[in-house]
Every structure is written in C-alpha cells, then in structure tokens.
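Working notes, beginning with the structure itself.
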C-alpha cells in the first residue's frame, strides 16, 4: 500500500481541502430527532451511528479526512464502541482518511497490543475492519510522554500497512503550557524537544511526496509558534486542532504549511457537526454541517500558500 | 463513599500486601487449554475471561488490587473489551481495588467523556458496572502531557464517587528518559515538574489517612530516585511498575514508602500471571500465579518500613 504521507497529500489535492472533520458526538448536542433515541443502549448506538454516518455523507466529497474521537463513543460503553467501528468503517468505505483520535501511550508489549488492535486488521484485509477490531484507522493520535518505546510498535504496524500517526507536540488547550512550555536548560521548551524527536522518528517513513507518515499535533491557538514548529519538523504532516471554536484562524495557520502548501490538516469538530444549532436548522443538520465545512474550506484555502 | 486513599490504605492493611497484579493476557502465553480457544472471537472472549477471572480467584485473598491493562483486551476488539468488563466486574465483586490501566489523556469535553465512561457507572450504582460502560474502576491511570485540562474532569468524577487516579510521572521503560529526564532551566527534570503538579492537584483530595486520591506512577527501575519523588509528593499514593521482570527489587523500592509504610502499590504482571511457564505447570496455572504472588508478598514485606 502507498505511504500514508503520499496518500494524505493526494487526498488533500483531490478534495482541494485541508479540513478534517472531528466526529465528537456529545449527546446533548445531537439533533432533537436523534436525542430522543438515546435513552436505551441499542437506540443510543443507532443514534451515534446515524449521526456519525450522516456527517460523513454530508462532507465526504468536500474534505479528505474525518477524525472520530473514541472518547465520545467509549463514554457509552460497548454500544458506543460498536458505533465507533461502524462510523470508522463508513468513512473508510467512502474513501476518506480515518484519523482515529485515540491518544494512546503505553510501552513495549502493551504498545504492540494497542497497535495491533487499532492498526492491523483494516489495511491487512484491504477492506472494512473485521468487527472484532477497533477501527479501521488510516492513522491514530499518540502521546509522547513515554518516549519511543510507546511509538515504535505503531511505526512497525504503520510501515507494513501504509498507515500513519500524529504525535502530540503542542496542544491547543490552555493548560498545555504546564508541561509542554517548560523551558529546558538548552533554551528549548519540552514541546520543541518533542518536535525534534518526532522529526527523527519520522525520517525513515518518508514517501515520494517527501512527507513522512509520522505526523505531529500542533494547535492553531499558537499561531506565532507554527512556523517555528515547521522549521523543526520540515517533512512532518501537521494535524492542527483549535481552529474555529477555540479561536485559531486561517491566517494564523499560514506558518504551518510546507513551502509547497502541503503538510497540513486543520481540524474542526463542534463548529461543523453541530452547525445546525447556530443555523437553527434541526431538520437539516446534515446540510448545516456541509455548509459549515464549505465555509471552512473557503476560509482555509484563502490563506493557503 | 470513602475517600480512595483511605480505601487503598485499608485494603493494603487488610491483605498485608502492597502487591497489585497486572492482568495483561498476551494470547501466546495463556495456558495451553486456553490457547486452543482463541481462534474464534466468541471463544477468545471466553478464554480471556476464564484467564482473568482465574487469576483473580487465585490471588484475591492475598493482594489488595488488580490492574487489568485494557490494551491486551482492546487488541481483540469488541469481544476483548467485553472480556475486560467481565474481568473488572469479577475483581470488583470480590472486593479487590480495580486499577484500570487505560493511560487516557485528552482535554475538556473529551476528557469529561472519558471520565464519564470509565469512572461514573460502577460507583454510582454501588455494584457491578452496567454492561454498557467500561469498568468498573476504582481508579485509572492517566497521562499528564496535556496538563490539568486532562486531569480535572477525572478529579471531578473521582471526588463524587470515592475513586482515584494514578498519573504517569516517571515510567519504568528505557525511553522514558527521552522526555521525562529532560533537564529544565530551574535544575529540575520534566518528571520532577510533573511530580510537583501531581502533588498540587492532589491536595484537595486527601482522606483521613492523609493519603490523597491522586496518585503517581513511578517506576521501580529508578531506585535512586524514589526517595526524591516521595519528598516531592509526600501524600501521594505511588503505583510502582518495573518490579521483577524489568529488574526492580523490594530493597530498591524502600525509598518510595511514606514513613508509616503506606502509600505504595507495587505491580507485577507477567512474573505472576504466567508463572506456570517458569514452573512448567500448565495444568496448575492458577496455583502457580498464587505461589508467585505469595513470594512477591514475602519479598516486598521484608523490605517495607
């Protein structure tokens, strides 16, 4: 299978979009017709699947990727996780890149177990995941606190299957400063150190596009830092949260792109999937999501190099 | 419900043991009779449940806690996760403290979703988890890279339900040095900075025993550092991996205890649950696990202040 970095670049060019839509279904923001279903677990699973698949159908021809966050499904136990699998599979079978936002981080044989469960089945089968694995994922998000021991097993799986990963470097939330902004004796911050590690870990996974399959999460809420992170990680795909709801702007993201305009996916979740609330169009929640994604595309493309 | 730190101390005194047994069922190390079952998903679920429950039954009267690592269950998808719930519930109903080794780390509403799914159901119900949530857990492991935004929602849940958490501070694996040992300009390491944060976050959650419900993971493979971490986190329960298989010793752990001998749980996984391999007693895998746990108890108690 093709290298993930190459697949990512091709999907972005095909859709003319750097947007990834986060599928984070908090129940109390689902459209009213679906909210009515959530009282029993079986209907709750249906509601999560209808919503997730509905968002995917609404945006599948105008964005390259979706990012279901497993937390919002795991919150509903086994029924929720079955919905997660259905939603990932629906995105996958519609040709979207599936970013599994799982933020895993463990070591050795444990990391290998995570990697096998989250990464192996879909690509090996070349089609939908078997229902006894979690996914299918084209890539997952990972936490770097435990170092390479927690990343290596994912790189091994990813290399075999043409998959990738995004490692947390500098996140978009206020308290990211508590650890990530700590100043080291060499003048760097912890996040800059993580960026250097991510850059090294990804060197062996570059595709024809020059882009690595080992990516980084860098928040849009730190626009002044994005060019610096791009310099530290010249060939790393960036996954950029914090656009829209959290205050990041298309202009602010400019520094994150590689010179040729590649290397960036910008995430929006609530501002797109719950756009029906802002529009006050509960019957047309899919149309509202599509319109929000279109506005996002226009906005991001206007500031893309 | 009682404070988690108090419950932990009471359980340790009752069992006269500071051991927590990690339930990490890698399939190729299951006893042969169970290995034969793993080819189809339904039987695989049975095999994981029989093994997990069998280990719990073998050690439940001689240790205060077990720590199932969800990675080894998630690796088998929905069937595996159903086994995880069964194993946690079995431990819970046998009065053991269940440490859910899930190493979660996400922010805001996402962290709240994780906390709801992993922490809410069991304690609120006061009995077995409902099968549509993940757990029951008395506490979970968390990753600090995102700062308090990723911890606060768990503290909120835990406070309401008498639960707790263990936050990764200094892990037992070799590459923990890549981030955790970075030297800051103030002379501390990143892990020491994390320790200070954990100490602050836990101040509001102290019970009658003086022990907080916000704990720390500190590896046994760094014996020279344990007393230093105890000084930084005087009232924090430590969860100590790396004993046995990874080279940590009872003597090396001495510095981790509070002066009164409390505040420590020492984990062993493979050396106990797969003790049948070392004994070459595949028919008596439960007896082998019990004997290994007894030896561990003797060893740890001999060096406990």
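Chains as they are written, first to last, in my numbering: chain A, 1 to 305; chain B, 1001 to 1305. Just so it is clear, CB atoms sit at the ideal spot from N, CA and C, and this is done for glycine as well.
> Under a three-way DSSP split, which group does residue 1126 of chain B fall into?
Replying inline: Because residue 1126 of chain B carries a pLDDT of 41, less than 50, the predicted location of this residue cannot be relied on, and the following value inherits that uncertainty. Residue 1126 of chain B falls in the coil class under three-state DSSP.
> Ends of the beta strand (DSSP E) at residue 1168 of chain B?
Replying inline: 1164-1170
> Which same chain residues, not among the five before or five after residue 53 of chain A, have their C-beta less than 6 Å away from its C-beta?
Replying inline: 90
> Given a limit of 9 Å on CB to CB distance, which residues of the stretch 1177-1191 of chain B reach chain A?
Replying inline: 1177, 1178, 1179, 1180, 1182, 1183, 1184, 1185, 1186, 1187, 1188, 1190
> Roughly how many whole angstroms lie between the Cα atoms of residue 4 of chain A and residue 35 of chain A?
Replying inline: 37 Å
> For residue 1139 of chain B, which beta-bridge partners are listed by DSSP?
Replying inline: According to DSSP, which records beta bridges pairwise, residue 1139 of chain B is partnered with B:1099, B:1164.
> Going straight from the alpha carbon of residue 251 of chain A to that of residue 18 of chain A, what length do you get?
Replying inline: 14 Å
> Any residues in the stretch 1072-1088 of chain B with a beta carbon nearer than 9 Å to a beta carbon of chain A? Which ones, in chain order?
Replying inline: Residues passing the 9 Å Cβ filter: 1072, 1073, 1074, 1075, 1076, 1077, 1078, 1079, 1080, 1081, 1082, 1085.
> In the stretch 1036-1085 of chain B, which residue ranges form an unbroken alpha helix (DSSP H) of at least 4 residues, counting only runs that do not cross its ends?
Replying inline: 1041-1059, 1071-1074
>> On the DSSP letters alone, give me the boundaries of the beta strand (DSSP E) that residue 1311 of chain B sits inside.
In response: With chain B running from 1001 to 1305 in the structure shown, residue 1311 of chain B is simply not present.
>> Quick check: the stretch 111-120 of chain A against the stretch 76-96 of chain A, are at least 3 beta-carbon pairs closer than 8 Å?
In response: no
>> Let me make sure I understand the geometry here. Which of B:1120, B:1009, B:1063, B:1011 has the alpha-carbon closest to that of residue 1290 of chain B?
In response: Nearest of B:1120, B:1009, B:1063, B:1011 to residue 1290 of chain B, Cα basis: B:1063.
> Excluding the five sequence neighbours on either side, which residues of its own chain have a C-beta within less than 6 Å of the C-beta of residue 275 of chain A, listed in chain order?
Replying inline: 288, 289, 292
> To which residues does DSSP link residue 1264 of chain B through a beta bridge?
Replying inline: Within the DSSP secondary-structure output, residue 1264 of chain B pairs in a beta bridge with B:1238.
>> Check whether chain B comes within 8 Å of residue 221 of chain A, counting only Cβ atoms and requiring the distance to be less than that.
In response: no
>> Along the stretch 1220-1243 of chain B, where does the CB come closer than 8 Å to a CB of chain A? Name the residues.
In response: Per Cβ criterion, the list is empty.
>> For residue 182 of chain A and residue 1117 of chain B, what's the separation of their Cα atoms in angstroms?
In response: 32 Å
>> Could you give the first and the last residue of the continuous alpha helix (DSSP H) run that contains residue 12 of chain A?
In response: 4-15
> Quick one: is residue 1261 of chain B buried, meaning 16 or more other Cβ sit within 10 Å of its Cβ, or exposed?
Replying inline: exposed
> How is residue 1148 of chain B classed by DSSP in three states: helix, strand or coil?
Replying inline: It is helical.
>> Assess contact between the stretch 95-103 of chain A and the stretch 63-83 of chain A, defined as three or more Cβ pairs (one per stretch) separated by less than 8 Å. Is contact present?
In response: yes
> Using a C-beta to C-beta distance shorter than 9 Å, which residues of chain A count as neighbours of residue 1197 of chain B?
Replying inline: 178, 179
>> Tell me the residue span of the beta strand (DSSP E) that contains residue 18 of chain A.
In response: It is not in any beta strand (DSSP E) - residue 18 of chain A carries neither H nor E in the DSSP assignment.
>> Give me the residue from B:1016, B:1073, B:1092, B:1210 with the minimum Cα distance to residue 115 of chain A.
In response: B:1073
> Is residue 220 of chain A near residue 237 of chain A, with beta carbons less than 8 Å apart?
Replying inline: No Cβ-Cβ contact shorter than 8 Å links residue 220 of chain A with residue 237 of chain A.
>> Can you tell me whether residue 304 of chain A is helix, strand or coil according to DSSP?
In response: coil
>> What does DSSP give as the partner residue(s) for residue 291 of chain A in the beta ladder?
In response: DSSP output for residue 291 of chain A lists no bridge partner at all.
>> My output table needs one value for residue 1114 of chain B: the three-state DSSP class, helix, strand or coil.
In response: helix
> Considering only C-alpha positions, which residue in the set B:1282, B:1266, B:1141, B:1022 is nearest to residue 1298 of chain B?
Replying inline: B:1266
>> Between residue 144 of chain A and chain B, is the shortest Cβ-Cβ distance under 8 Å, so that the two count as touching?
In response: yes
>> So if I threshold CB-CB distances at 9 Å, which residues from the stretch 1014-1025 of chain B count as touching chain A?
In response: 1024
>> So with CB distances below 7 Å, who are the chain A contacts of residue 1277 of chain B?
In response: Here the premise fails: no neighbours, minimum Cβ distance about 15 Å.
> Between which two residues does the beta strand (DSSP E) carrying residue 1227 of chain B extend?
Replying inline: Element bounds for residue 1227 of chain B: not the beta strand (DSSP E) but the alpha helix (DSSP H), 1223-1232.
> In chain order, what residues of the same chain have a beta carbon less than 7 Å from the beta carbon of residue 1272 of chain B, not counting five sequence neighbours either side?
Replying inline: 1021, 1289, 1292, 1293, 1296
>> Using the Cβ count rule (16 or more neighbours within 10 Å means buried), how would you classify residue 203 of chain A?
In response: exposed
> By Cβ distance below 6 Å, which residues in the same chain neighbour residue 76 of chain A in space, the five residues on each side in sequence not counted?
Replying inline: 44
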